[in-house]
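Trainee:
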Amino acid sequence: MASTEPVSFLSLGMYIDQSAGYLVERNIFEDVDISLPHEVPSVGIWFHGDQTVENRIYDNEFHGLTLGNVAEGVHHGVVNSGGAQIKSGLQWLCGLYEGGALVDQLLLSPNGSIKLRQGFSFPEQTAGNVFVGPKDCITPPYEPVVFDGHDPLLVTYHYYAHDQSPDCRPECVEDENNISITATGNFYSLAPVDQGQIPFNQGVHCNGGILDAVHGGVQVHKAAYTAKYAELQSAALACAGQLDNGDKAEVLDAIRAQPAWPSHQLRSFLLAHGPLSEEALIAAIDREEPMDPWHLTQVLIANSKLSGPIWAELELTGALSPFFYQMVRDHQEDPSIRQILMDELALRAYEKDTEQRLLVLALQEDSTYTGKLDTLLAILSTDTLGMGRTAAYQLALAHGRSTEAAMLATDLVGDARFEQLLDLGSLQQGLGADWSQAGQSELSSLQSMAATGKQLGRGAAWGILYALGATDSLPTGILPMEYRTARVDEANADPTGRPVVGAYPNPAKDRLMITWPAEADGGALEVTDAQGRVVLTQSLAGHTAFLELDVRAWADGLYLARVLRDDRVVGETKCAIVR
């Protein structure tokens, strides 16, 4: 498709919508029309929504793409497990990125990050990505490196416009006079950490993908999974018993007591109940009646090494002056019992998730094994130390196992992350697990779910609509506005511009037509009055390009119409009602 206009829609190799526990291994993604001067931008894989549980992408190849991959949303999670918290998230391993139009390998939203600790056999080897940078960025050919540590690595990107290759890239910016491009750091590196650097070697670090590990048959992998789950359970119980002296509720009650305990008394109590959990330390920092800085400093030092969320809370609240803050900083070198417990918990969770995935793959490959669904449901529904029960619930729904789905739903109720997924399940149960019986009411509910931004169940709702023939569109990625602006051809651009969202007639009296661009199809319309009150929220699923509104009940005045897609404003326009 050739065009001289900047485009925001994309050609996607794969679109993964808030999936948990996915595996993408040994695929080739290639742009087939790179010879065209104004091709549609291409992306290998687009990850939509938050991906906060263990996932893996391994040994894939990306050739000649505009963007190798896009990770949209939070891709590093903190998961409660047995009273403690462990880190999980996107596993981005050993991909080969090269060729033609490729100028960016991974685009992250502002709150996105890559999980640091990665690797199948060696947790200390991390972030084994192979990058080939753009030729017009004046950067020496550094060897890729990986880093060892515990916190996620944030990827820094800079946008710059109207260059020969005006695309988003990491650590590569124009100078203030917009004359030349200069390198601001090691182009191939993720954000550095103060740990030892391990040279990356694809031959060493990329061998032994997870598919190669499926070799022992179902019973062997089932036994290995059971053993790893027992190890994780033991670590979780040890962590719960050690942190907060085994009584988190009592510790939190003491911190939040009304009337507040004297600071010195609370200090002694917290020291006696250490090591403290992350939740307890953050509660102490946020205490309504602040602790004496000497006392809070002593508690924090006694529970060092502190985690990232605790440091973030200290910086956000300003609970300690620079003097005390530095004092706490000076006591972070030696590992504490708390840190050792958390490290073991994270490692055991990773090993358990890996064995669980191997078991699922072994079941899939064994054509002689009977009762696969029952086995999978039994495995996943008993996984209380991960997202297993969520996967089991979705599996039961997909296979019409109403009894199992209802039992699993009781374990998920009350968790805001699963509200939409449970609504989807209730909708299906009401139809007797037969979506072909869906009427207009059910279709409208599915359309509303499919139009949501980053809620679990969105992808399933969209898939059901597509299977029923209620929609013929598939989800797509929307390029950031900065990226689209950078692609404008100044020589051919319309100097007057064009409205992204329109309202006709304007002013209106009884009827109002709202129009929007193609990239907003499947999004949502939000209209607010001059006081900022929302007067209308409506899904655009099932509508293309325009929507007619009956505004006879609206008061005279000025209104703001905004079209949103995936929680982002695609465009807006002001309109008036005058009679």
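So for the sequence shown, numbering that gives the first Met the number 0 puts the first residue at 0; every next one is plus one. From the three backbone atoms N, C-alpha and C, an ideal C-beta is built for every residue, glycine too. Because the structure is a prediction, the values reported are computed rather than measured.
1. Can you name, in chain order, every residue of its own chain whose Cβ lies under 7 Å from the Cβ of Leu563, other than the five neighbours on each side?
2. For Glu403, count neighbouring C-beta atoms within 10 Å of its own C-beta (all shown protein chains included) and say buried if the count is 16 or more, exposed if not.
3. When you compare the CB positions of Val69 and Val42, do they come within less than 7 Å of one another, or not?
4. Do three or more CB pairs link the segment 287–306 to the segment 320–327 at distances below 8 Å?
5. Pick out whichever of His214, Ile27 and Gly12 has its Cα sitting closest to the Cα of Glu364.
6. Given a threshold of 16 other Cβ atoms within 10 Å of its Cβ, counted over all protein chains shown, does Thr470 qualify as buried or as exposed?
7. How many angstroms separate the CA atom of Val16 from the CA atom of Ala449?
8. Is the CB-CB distance between Gln454 and Gln428 below 7 Å?
9. Under a three-way DSSP split, which group does Gln218 fall into?
10. Between the Cα of Ser401 and those of Thr381, Leu423, His263 and Glu249, spot the shortest distance and give me the residue it belongs to.
11. When you compare the CB positions of Thr572 and Ala502, do they come within less than 7 Å of one another, or not?
12. Where in the segment 223–285 do unbroken runs of the alpha helix (DSSP H), each at least 4 residues long, occur, reported from the N-terminal end onward?
13. DSSP state of Arg497, grouped into three classes?
14. For Tyr558, write down the residues that DSSP places opposite it in a beta bridge.
15. Going by beta carbon distance, what residues of the same chain come within less than 6 Å of Met290, once the five residues before and after it are set aside?
16. Is it the case that the segment 266–286 contacts the segment 297–312, given that we only count it when at least three CB pairs across the two stretches are under 8 Å?
17. Would you give the residue range spanned by the alpha helix (DSSP H) that Gly413 belongs to?
18. If you draw a straight line from the C-alpha of Arg483 to the C-alpha of Ser10, how long is it?
19. Starting from the Cα of Ala466, find the closest Cα among Leu445, Gly385, Gly476 and Thr475 and give me that residue.
20. If you measure from the CB of Phe545, is any heavy atom of the ligand PLP nearer than 6 Å?
21. What do you reckon, are the CB atoms on Pro504 and Ala575 nearer than 7 Å?
22. Report the residue from Ala234, Arg388 and His220 whose alpha carbon sits nearest the alpha carbon of Thr409.
23. Quick check on Gln537: does DSSP put it in helix, strand or coil?
24. Determine the burial state of Gln355: buried for a count of at least 16 other Cβ atoms within 10 Å of its Cβ, exposed for fewer.
25. Helix, strand or coil: which one does DSSP assign to Thr514?
26. Rounded to whole angstroms, what is the Cα-Cα separation between Arg457 and Ile463?
27. Can you tell which of Thr381, Ala415 and Leu426 has the C-alpha that lies nearest to the C-alpha of Met406?
28. How many angstroms separate the CA atom of Ala248 from the CA atom of Ala283?
29. So, for Leu375: in the same chain, excluding its five sequence neighbours on each side, which residues have a beta-carbon less than 8 Å away from its beta-carbon?
30. Pop quiz: Asp549 and Arg578 are said to be a contact at Cβ under 8 Å. What is the actual Cβ separation, rounded to whole angstroms?
31. In angstroms, rounded to a whole number, what distance separates the CA positions of Glu288 and Gly317?
Mentor: Reading off the structure:
1. Gly522, Ala523, Glu525 and Val569
2. buried
3. yes
4. yes
5. His214
6. buried
7. One point to set straight first is that residue 16 is Asp, not Val, in the sequence displayed. One C-alpha to the other measures close to 11 Å.
8. no
9. helix
10. Leu423
11. yes
12. 247–254, 262–271 and 277–284
13. With a pLDDT of 42 at Arg497, under the threshold of 50, the predicted position of this residue should be treated as unreliable, and no value is reported.
14. Asp528 and Cys574
15. Ser262
16. yes
17. Unbroken run through Gly413: none, as it is neither H nor E.
18. With a pLDDT of 43 at Arg483, under the threshold of 50, the modelled position of that residue is not reliable, and no figure is offered here.
19. Leu445
20. For the ligand PLP, the structure offers nothing, since it holds no ligand at all.
21. no
22. Arg388
23. strand
24. buried
25. strand
26. 10 Å
27. Thr381
28. 13 Å
29. Val359, Leu362, Ala391 and Leu394
30. Contact flag wrong, Cβ pair sits at about 14 Å.
31. 14 Å
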